Structures are given as C-alpha cells and as structure tokens.
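Step one of this worksheet: look at the structure below.
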Amino acid sequence: MAAVEQRAPETMGDVQVFSPLSKNQAGHDAIAAYQRDGVICLRGALEEDWLAVVEDAIALYADKEADHDPANVVVLGDGDDGAFQYASMMWKKNPLFRKVIFESHVPDLFGSILETSKLNLFYDFLLLKHPGCRSASTPWHQDLSYYALHGTQIINCWIALDDIPVETALRFARGSHVSPEVYRSIHFDPDKAYEGAIVERRLPPNFDQEPGAEVVTCAMSRGDALVWNARTFHAAPGNHLNRRRGALSLNFAGDDVTYFDMPGDSDPYDRGEGLVEGSSITCETFPQLRSW
Ligand SMILES: O=C(O)CCC(=O)C(=O)O
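Written out as structure tokens, the structure reads:
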C-alpha cells in the first residue's frame, strides 16, 4: 500500500458535531445537518459499557478466527511497523458483535437520522489501524460504489474505539452526497483491483488536489460516531501514531433501499438469500432490526 498525499488539517473545515437529544434520538438539528452536509459527528453515541463489549468481541474474534477467516484480513504494508486489520460480517459468527447490534440502542439512534419507517442491518465492519501502519491510507471513495444496493437511505455509522486526533481522522467532501452519480469501486490497495468493476462509472475525484473542494474533518473521542451517507465521498490517512486507531462501522439501510444485481465484486461479499434486482433486501443476512 502506498501513502497518498493528503491535504493539511489546517486547510479543512469542521464536520458538524452534535450531542444526541437522547439515547435513541439524534435530534432535529443533527438530522438537518446530515441532510445538508452528508456527514455529522454524534458525541457519546456508544457508552463505555457497550464499548467494553466491543473490545471483548474483538478479543474473541482475534483469538479464535483471525488466522482462518477470509473475512478477517491483516495487511502489513512495506516498511510499516503495524498492520491494518479489517473484518466484516462479524455478527454472523461472533455473539458479542451480535449483542451490540441486536441488543443496544444503536439501531434506534442511527435509524432516527435516516427518518425511515424500518431499518435493516446491512453489515458490520471493523477497522483496526494498529500503531505504525503508516501506509494504510484510504483513497477518496463513496461506499455506494461497492454496494449491491439501490437507494438513498444508506448510512455508515463509524464508531470510534479510540480517541482519534485530526492527524488520523477521516475527511469528507461536504455535500458530495447530493449528486445521484455513483462512481467506480477502487481498491484501497492501489496494487489490487475489484473484479468486474463497472467501468462505465467515472473514477472518484481526488478532493485533496481540488483547491475549491470543501473538505471537512473532525477529531473524535472513543464512543463518538461519524454518520455519513453512502454517497458522501471520504478518505483517511494511515496511522503514523504510536497508538491504535480503531473503529466499528455499522451500516444500515432504510425504506427506499432495494437490491441491485450488481455485476462483479461487491462489499460486503455476502449478497444475502434469494434477492433479485429491485427486491426488498430483508433476508437472513440483512435482517430488519426495527419498524416504527
Ligand atoms: O477508517 C478508515 O480509514 C476508512 C473507513 C472508510 O472509508 C469506510 O468505512 O468506508
């Protein structure tokens, strides 16, 4: 993995930050900012008791499955001191990740931002940038490029598992979610490619090199959550610090989301059971968590 040149933190604006109205409700101002900017930060979205369950889940996953599970990837970049570890669909095998998703308030809190009458789990994604995984930068991309989904009510709720200073924080192209255009899936490792990527789609712009682009970022404390629309462009640096930079990303879908019979590779790799073009995504793999 090669490091990409990113713009300096002082040239970036701020992601709008909110304290949730209650445990289950983000609040009107947060929803309005999400709709306008395509990204917000919610302070204290996950409390310490649930964060402790996530840490136990990570330990369980690492001990029992890390070596043999294709969904658990550990990459050590050239010259790096630490690895980039990522895993998805953990809830299917790991009871503690399942507990966080199915028994905590998170579907209520994050679902409130989508203003939807039902909420499906799409997938969970764990990202651990261990100390010194300097080259594990994430290029500008839209999550929707990788999804076998149609629709607009798709959110990534990225919960910080560590305090994250701006030096290792995600950055976003503010308001980039409003365009209906979906760009091409690109591999986070520049030496690899997605099999069957839709070449009719344009390659993602590099907002670091566009002086006029409004790029926003946000330092986070453990338990804060960034919430963004699947069309919002974002990117991230590697971890050049001497401490872990971890996140649990929970991805949810609302009312207008249907299955896209996408050619080629998708993320998550799992396509659910019996889904056809244009159908509801509700199935064993993408269960409905709430209806209001
Ligand atoms: O945490 C990162 O470095 C990248 C996260 C990201 O791009 C994503 O979850 O879509």
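Heads up: the sequence shown is residues 2 to 293, going by my numbering.
Ideal placement from N, C-alpha and C gives every residue a C-beta, glycine not left out.
As the structure is a prediction and not an experimental result, all values here were calculated from the model.
In whole angstroms, give me the CA-to-CA distance for residue i and residue j.
| i | j | result |
| --- | --- | --- |
| R172 | C134 | 18 angstroms |
| A170 | I199 | 29 angstroms |
| D109 | N25 | 5 angstroms |
| P166 | H241 | 12 angstroms |
| C284 | H151 | 16 angstroms |
| M2 | A84 | The predicted position of M2 is uncertain, since its pLDDT is 47 and thus under 50; a value taken from the coordinates is nonetheless stated next. Rounded to the nearest angstrom, the two C-alpha atoms are 11 angstroms apart. |
| A9 | G197 | 34 angstroms |
| L227 | A220 | 10 angstroms |
| A58 | N252 | 18 angstroms |
| L77 | D125 | 22 angstroms |
| Q289 | F123 | 9 angstroms |
| N121 | R244 | 34 angstroms |
| P132 | R202 | 35 angstroms |
| A4 | H188 | Confidence in A4 is poor, its pLDDT being 48 and thus under 50, which makes the residue's placement too unreliable to answer from. |
Under a Cβ-count criterion, where at least 16 other Cβ atoms within 10 Å of its own Cβ denotes burial, should residue i be classed as buried or exposed?
| i | result |
| --- | --- |
| R246 | buried |
| H235 | buried |
| P21 | buried |
| H335 | Shown here, the chain extends from 2 to 293; a query on residue 335 therefore has no answer. |
| G265 | exposed |
| C175 | Looking at the sequence shown, residue 175 is not Cys but Arg. So R175 counts as buried. |
| R232 | buried |
| E11 | exposed |
| A34 | buried |
| Q154 | buried |
| W92 | buried |
For residue i, which beta-bridge partners are listed by DSSP?
| i | result |
| --- | --- |
| A236 | R172 |
If you measure from each CB to the nearest heavy atom of ligand 1 and keep those under 7 angstroms, what residues do you get, in chain order? F126, L128, K130, T139, H142, D144, N157, W159, L171, H235, A237, A248, S250
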